[in-house]
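Position in the sequence shown counted from 1, then plus 2, gives you the working numbering.
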Amino acid sequence: MTDTTDFDSLVPALPLSRRLFIVTALGAGFALSVQPVAAQTVITTNSAGLVAGEISVPAAGGEMPAYQAQPATGSGWPVILVVQEVFGVHDYVKDVCRRLAKFGYLAIAPELYARQGDPRQYSNVQELLDAVVSKVPDAQVMADLDACVAWARANGGNTAKLGITGFCWGGRITWLYSAYNPQVKAGVAWYGRLVGQTSELTPKQPLDVAASLHGPVLGLYGGADPGIPPDTVREMRQALAVAANPASKASRIHVYDGAPHAFHADYRPSYRKEEAEDGWWRLHAWFKQHGV
């Protein structure tokens with residue numbers, strides 16, 4: 003059963019309008035705020051041998067749009083939650099789901115801003131942060147990810163083998179959800195911030211939950227990421243190392259020297275092919291090692 007002690011108390015304080023879905027469908031292409039796209043490096047994974055496409059996930063307040071991919075045959079697939087970058091669910095995130103499905107997973111990426119606004123309409127990153135992202139409560143995100151787990155369980159997924167991965171904004175969420183849901187077997191967090199100010203909507207940061215992970219997390223970080231200073235990585239490593247909790251102690255952080263933030267994002271100038279490919283295979287090995 004999911005432990006929601008740290009988050010549920012926040013939900014009643016949310017205005018009712020924030021509980022209803024503004025976004026009811028996913029768009030095609032990439033978010034306006036990351037244009038122009040570095041088209042020469044975009045990876046496109048086909049859907050051959052897969053069932054992939056947009057779905058609606060029943061959640062508090064209505065139906066949440068999400069993208070899902072799984073093998074076309076069989077059932078009982080391990081489940082991986084894919085948590086979006088700060089830009090929402092666009093073509094890159096969808097492609098990550100298809101890549102995971104090629105490995106034999108049921109991958110699902112929910113649009114976690116769907117109650118607060120449409121990230122596709124903002125051409126300026128700061129405007130997106132101010133107008134949408136800053137209004138998304140962690141409690142809502144945890145509950146929506148739970149809703150995705152329930153959907154996967156009802157649609158052929160084996161949630162006894164549950165993993166989570168996320169990028170940037172979703173990297174932070176990966177740490178938090180791995181401490182929140184006892185079902186999580188393992189997580190892989192791509193350059194998600196580890197420390198920061200807390201608020202009513204974001205009451206904890208990954209460092210605060212380092213000693214209470216349910217599944218071990220592999221952190222993949224860039225050594226030249228100005229938004230995640232090396233001292234915060236060292237602080238997180240130390241917190242994991244001294245934790246009595248076995249899952250926390252088993253967690254690891256790998257830093258790619260010289261790599262920038264978003265080195266896995268193949269549609270952006272920050273993409274670094276060697277580091278991205280190495281991180282992807284580390285992800286695959288990590289999930290297999292920990293029973294996902």
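Where is the CB? At the ideal position from N, CA and C, for every residue including glycine. All values derive from a computational prediction rather than experimental measurement.
Cut-off 8 Å between Cβ atoms - residues of its own chain near residue i, not counting five sequence neighbours on either side
i: Pro227; result: Reading off the sequence shown, one finds Asp at residue 227, where the question assumed Pro. The residues are Tyr193, Ala261, Pro262 and His263.
i: Asn48; result: Arg100
i: Thr161; result: Val81, Val151, Ala154, Arg155 and Gln185
i: Trp282; result: Arg101 and His266
i: Gln291; result: Ala188
Closer than 8 Å to chain C by CB, residue i
i: Gln118; result: As a matter of chain content, chain C is missing from the structure shown, which is built from one protein chain.
Own chain partners of residue i with C-beta closer than 6 Å, once the 5 adjacent residues on each side are dropped
i: Leu220; result: Val190, Arg254 and Trp288
i: Ser19; result: Residue confidence for Ser19 is low, a pLDDT of 37 falling below 50, so the modelled location carries little weight and cannot support an answer.
i: Tyr182; result: Met144
i: Leu285; result: Val190
i: Asp8; result: Confidence is the limiting factor: at Asp8 the pLDDT is only 45, short of 50, which leaves the residue's position unreliable and the question unanswerable from this model.
i: Leu164; result: Val81, Gln185, Val186 and Lys187
i: Thr6; result: Caution applies to Thr6, whose pLDDT of 40 falls short of 50 and renders its modelled position unreliable; the model cannot decide the point.
i: Gly29; result: Arg122
i: Gly158; result: Ser77
i: Met3; result: Here the model assigns Met3 a pLDDT of 36, short of 50, so the residue's position is not dependable, and the following value carries that caveat. Closer than 6 Å at Cβ, skipping near neighbours: no residue.
i: Thr200; result: none
i: Ile57; result: Ala68 and Gln70
i: Tyr179; result: Leu147 and Ile166
Contact belief for residue i with residue j at Cβ below 8 Å, rounded distance in angstroms
i: Val59; j: Cys150; result: 6 Å
i: Tyr124; j: Asp268; result: So it is not a contact: roughly 22 Å between Cβ atoms.
i: Ala141; j: Ala103; result: That belief does not hold up - the Cβ atoms of Ala141 and Ala103 are roughly 29 Å apart, past 8 Å.
i: Ala213; j: Ala243; result: Not a contact, Cβ separation roughly 10 Å.
i: Glu279; j: Phe169; result: Their Cβ separation, rounded to whole angstroms, is 15 Å, which puts Glu279 and Phe169 out of contact at 8 Å.
Same chain, Cβ closer than 7 Å to residue i, five either side skipped, listed in chain order
i: Ala252; result: Pro218
i: Asp146; result: Ala61, Met66, Pro112 and Leu114
i: Phe89; result: Ala33, Ser35, Val36 and Pro121
i: Ala249; result: Leu215, His216, Gly217 and Pro218
i: Arg270; result: Val36, Ala40 and Ala264
i: Leu209; result: Leu196, Val197, Glu237, Met238 and Ala241
i: Gly51; result: Pro73 and Ala74
i: Thr46; result: Asp97
i: Gly224; result: Tyr193, Tyr258, Ala261, Pro262, His263 and Phe265
i: Gly31; result: His92 and Asp93
i: Gln42; result: none
i: Gly173; result: Ala191, Trp192, Tyr193 and Gly194
i: Gly64; result: Leu22 and Phe23
i: Ala116; result: Phe23, Ile24, Val25, Met66 and Pro67
i: Lys275; result: none
i: Trp79; result: Gln72, Pro73, Gly106, Tyr107, Leu108, Gly158, Gly159 and Asn160
Per-residue burial, residue i [other beta carbons within 10 Å of its own, 16 or more giving buried]
i: Ile24; result: exposed
i: Trp171; result: buried
i: Arg236; result: exposed
i: Gln207; result: buried
i: Gly305; result: Since the first residue shown for the chain is 3 and the last is 294, residue 305 is missing from the structure and cannot be characterised.
i: Gly106; result: exposed
i: Trp177; result: buried
i: Ala27; result: exposed
i: Glu277; result: buried
i: Gly229; result: exposed
i: Leu222; result: buried
i: His256; result: exposed
i: Gln118; result: buried
i: Thr167; result: buried
i: Ser272; result: buried
i: Phe132; result: First, the residue type needs correcting, since residue 132 is Asp and not Phe in the sequence shown. Asp132 is exposed by the Cβ-count criterion.
i: Leu83; result: buried
i: Leu130; result: buried
i: Asp148; result: buried
i: Ser136; result: exposed
Residues bridged to residue i [DSSP beta-bridge criterion]
i: Gln66; result: Checking the sequence shown, residue 66 turns out to be Met, not Gln. For Met66, which the question treats as bridged, DSSP gives the partners Val59.
i: Asn160; result: Pro80
i: Arg254; result: Leu220
i: Ala141; result: DSSP lists no partner for Ala141.
i: Phe89; result: Answer by DSSP bridge pairing: none, since Phe89 is not bridged.
i: Phe169; result: Trp192
i: Leu108; result: Val81
Contact test: residue i Cβ vs the ligand NAP heavy atom, cutoff 7 Å
i: Pro205; result: Absent from the structure shown: the ligand NAP. Ligands present: none.
Open item on the list: Taking contact to mean 3 or more Cβ pairs, one atom from each stretch, closer than 8 Å, check whether the region 71-85 and the region 102-110 are in contact.
Closed with: yes
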